[in-house]
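Trainee: Using the UniProt record's numbering, the letters of the sequence shown correspond one by one to residues 1 to 511. Think of the CB as a built atom: it goes at the ideal place given N, C-alpha and C, for glycine as much as any other residue. None of the values given here were measured: they were computed from a predicted structure.
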Amino acid sequence: MVPTLSWIIVALSLHITTSDGRPSSTRLPEPDPSYAVPVELGGNTYINKGLVAFGLIPSNFTDSTGNTMGGFGSAIALKRGSFARQSDGTFTGTIVAQPDRGFNVDGTIDYQGRQHQIDFVLSPFYGTNNLTFDAALTTLKLSYRNTLLYTERNDAATTGLDALAIRPSTSADPPLPEAPSNDHLSLDAEGLVLNADGTFWTSDEYGPYIYLFSEQAELIKAIQPPQAILPLVKGELNFTSDSDPDTGRAGNQGFEGLTVSADGHTLYALLQSATIQDGGSDKTTSRFTRLVAFNVSSSAAQPPLVGEWVVPLPQSKKGKTYASSELHFVSDNVFLVLSRDSDGHGGDDNNSAYKQADLIDITDATDIHNTEFDDPSKPISPDGELDSTINPATYVSFVSFIDDTQLARFGLHNGKPADQTLIDAKWESLALAPVGDPDFPDDYFLFTVSDNDFITTQGISLGQPYNAGLDNDNQFLVFRVTLPGASVPGVSRSNRRPGLGKVPWRQEIIQ
């Protein structure tokens with residue numbers, strides 16, 4: 001079919017810029033080149049082009065169950081087929097966001113696992129002037145859509161309660177962490193991968209396991225990691241998060257990162273920091289964590305382990321590890337890793353030193369899967385010193401979330417004062433969407449969302465009101481980055497030309 005004249009005019013006018021850097025009705029604007037920060041990895045140049053949007057969901061917002069909608073920056077994914085560029089230069093789509101285990105400052109609670117769908121309108125801001133905080137909120141408008149609750153065997157609700165008991169293995173499942181008070185599967189959800197058939201993978205901290213759920217959020221299967229990663233006390237499984245085991249993942253340091261290869265056949269999970277035997281009991285020795293890969297191309301009850309590598313996490317000037325909070329596939333052997341401190345709004349200190357989406361390359365890293373290092377008695381880095389036979393992944397600093405210049409452009413800051421414009425402490429999620437710029441075909445929008453730990457002065461947890469002493473909004477940041485050879489299948493609406501069609505918007509959050 002011959003394209004219409006109007007379509008040709010739109011296509012030719014994509015690179016005309018406006019004076020304030022905002023999208024016009026006829027073009028896709030581009031970032032100011034002065035903000036570009038290039039890095040080299042594996043012979044390729046990756047570019048951080050700066051922050052382009054900011055939004056938030058208020059700390060006291062409630063989901064469809066009537067509970068406070070918080071903590072959902074623990075994991076996000078873009079709903080498959082939802083992302084599209086509109087004729088006015090904006091982008092629309094749906095974020096699927098997954099909270100962890102609920103408001104648990106005074107102990108774990110019976111919080112059912114869930115995911116929220118949040119529609120958005122992205123209006124990238126490429127100007128060099130500083131927006132006010134209120135003006136910045138118009139660059140990413142957010143609209144809550146619905147909530148899906150997770151269930152396990154026998155249609156029972158999952159729970160956030162500490163896993164003080166163990167469910168015996170069955171023909172379908174390995175031994176599972178459960179709460180003794182109700183015998184429900186204990187789930188501290190962290191990673192999220194959406195599959196083409198509507199099913200989804202979730203990684204957690206308790207196991208640390210990886211679970212496959214149906215499109216209706218019903219448990220299908222559980223993946224158990226190697227023995228070296230399982231929490232063992234005196235050689236026996238002990239899934240509690242209240243204390244560290246003798247070997248295996250440290251307490252509350254499970255599979256924070258989860259992602260999948262472009263073809264959907266290989267699932268990757270990243271431990272937040274080193275296992276106990278690898279130095280995980282102390283921040284000064286917990287740098288060397290593990291990245292594992294499973295072949296999920298078949299319907300096997302227990303997908304086989306097909307890869308395992310060591311990732312050297314960044315450390316502070318005092319030698320303390322900045323633990324990982326997310327993992328995202330970029331291209332073969334290359335991933336984004338979100339590493340951070342816990343300072344900022346809602347944290348112990350207002351001033352944050354490190355929050356970044358960095359790059360790793362495992363091309364030259366030693367694959368240790370199915371070797372002696374999968375036995376808890378053979379650590380990869382005793383006392384934090386890496387075994388000389390192991391070559392770790394290459395780790396490169398990339399996108400800082402706390403760059404003062406970029407934050408100021410959106411009315412935000414790092415450090416005092418501790419107000420609504422302070423960058424949040426905990427960022428735990430990453431998602432990519434293609435920009436669709438023909439001059440920059442490797443450019444992507446990088447989304448990240450904070451985990452506010454359900455902190456609000458007007459909270460509702462399991463139907464009961466609570467006051468956490470602070471209003472800590474759920475913040476959203478969007479960057480623009482160049483990722484050579486990146487592959488992010490299934491996110492865009494491939495059956496529509498850019499600018500055609502509209503999304504039916506629902507409840508818009510008042511900001």
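Tell me whether R114 sits in a helix, a strand or coil according to DSSP, three-state version.
Mentor: strand
Trainee: How would you write the range of the beta strand (DSSP E) that D404 sits in, first residue to last?
Mentor: Here D404 belongs to no beta strand (DSSP E); instead the alpha helix (DSSP H) covers 404 to 409.
Trainee: What's the C-alpha gap between residue 559 and V330?
Mentor: Residue coverage of the chain in this structure runs from 1 to 511, which leaves residue 559 outside it and unanswerable.
Trainee: Can you name, in chain order, every residue of its own chain whose Cβ lies under 8 Å from the Cβ of A36, other than the five neighbours on each side?
Mentor: I47, N48, K49, G50
Trainee: In three-state terms, what does DSSP make of S461?
Mentor: S461: strand per DSSP, three-state reduction.
Trainee: Anyone know if the C-beta pair for I118 and L142 falls short of 9 Å?
Mentor: yes
Trainee: Measuring CB to CB, does R340 end up less than 9 Å from N130?
Mentor: no
Trainee: Considering only the alpha carbon of each residue, which of E40, S381, G307, H184 lies closest to T285?
Mentor: Of the listed residues, the one whose Cα sits closest to T285 is S381.
Trainee: Sorted by chain position, which residues of the same chain lie with C-beta nearer than 8 Å to S64's C-beta, five sequence neighbours on each side aside?
Mentor: N146, T147
Trainee: P124 to S87, Cα distance in whole Å?
Mentor: Straight-line Cα distance between these residues: approximately 14 Å.
Trainee: How is the beta strand (DSSP E) around A228 delimited, first residue to last?
Mentor: Taken as a continuous stretch (DSSP letters only), A228 belongs to no beta strand (DSSP E), as it is neither H nor E.
Trainee: Taking Cβ to Cβ, would you say T247 is nearer than 9 Å to I223?
Mentor: no
Trainee: Taking the alpha carbon of T62 as the point to measure from, which residue in H116, L477, G347 has its own alpha carbon closest?
Mentor: H116
Trainee: Which one or two residues does DSSP pair with I76 in a beta bridge?
Mentor: Paired residues: A97.
Trainee: Once you ignore the five residues that flank L212 on each side, which residues in its own chain have a CB closer than 7 Å to its CB?
Mentor: T199, W201, I220, K221
Trainee: Going by C-alpha to C-alpha distance, which of A353, H265, Y466 sits closest to A300?
Mentor: H265
Trainee: In whole angstroms, what separates the C-alpha of F120 from that of V449?
Mentor: 13 Å
Trainee: On the criterion of 16 or more Cβ atoms from any shown chain inside 10 Å, does G499 qualify as buried, or is it exposed?
Mentor: Residue placement at G499 is flagged as unreliable, the pLDDT there being 36, under the threshold of 50; the coordinate-derived value follows with that caveat. Looking at its Cβ environment, which holds 16 or more other Cβ atoms inside 10 Å, G499 is buried.
Trainee: Would you identify the three-state DSSP class for Q277, choosing helix, strand or coil?
Mentor: It is helical.
Trainee: By DSSP's criteria, R340 is part of a beta bridge. Which residues make up the other side?
Mentor: K355
Trainee: Looking at the structure shown, is L12 part of a helix, part of a strand, or coil, going by DSSP?
Mentor: No answer about L12 holds up, because its pLDDT of 33 lies below 50 and its placement is not dependable.
Trainee: If you draw a straight line from the alpha carbon of S169 to that of R249, how long is it in whole angstroms?
Mentor: 20 Å
Trainee: Among the residues of its own chain, which have a CB less than 8 Å from the CB of D358, if the five just before and after it don't count?
Mentor: P314, L336, V337, L338, S339, Y395, V396, S397, F398, V399
Trainee: Between I390, G93, T68, which lies nearest to A433 when the distance is taken from Cα to Cα?
Mentor: G93
Trainee: Assign A196 to buried or exposed, taking buried as 16 or more other Cβ atoms, counted over all protein chains shown, within 10 Å of its Cβ.
Mentor: exposed
Trainee: Excluding sequence positions up to five away, which residues of its chain have a Cβ less than 7 Å from the Cβ of N333?
Mentor: D361, I362, T363
Trainee: By how many angstroms is the C-alpha of Q356 removed from the C-alpha of A468?
Mentor: Approximately 27 Å between the Cα atoms of the pair.
Trainee: Since R290 contacts V310 with CB under 8 Å, what's their CB separation in whole angstroms?
Mentor: 6 Å
Trainee: Less than 9 Å separating the beta-carbons of A228 and H184?
Mentor: no
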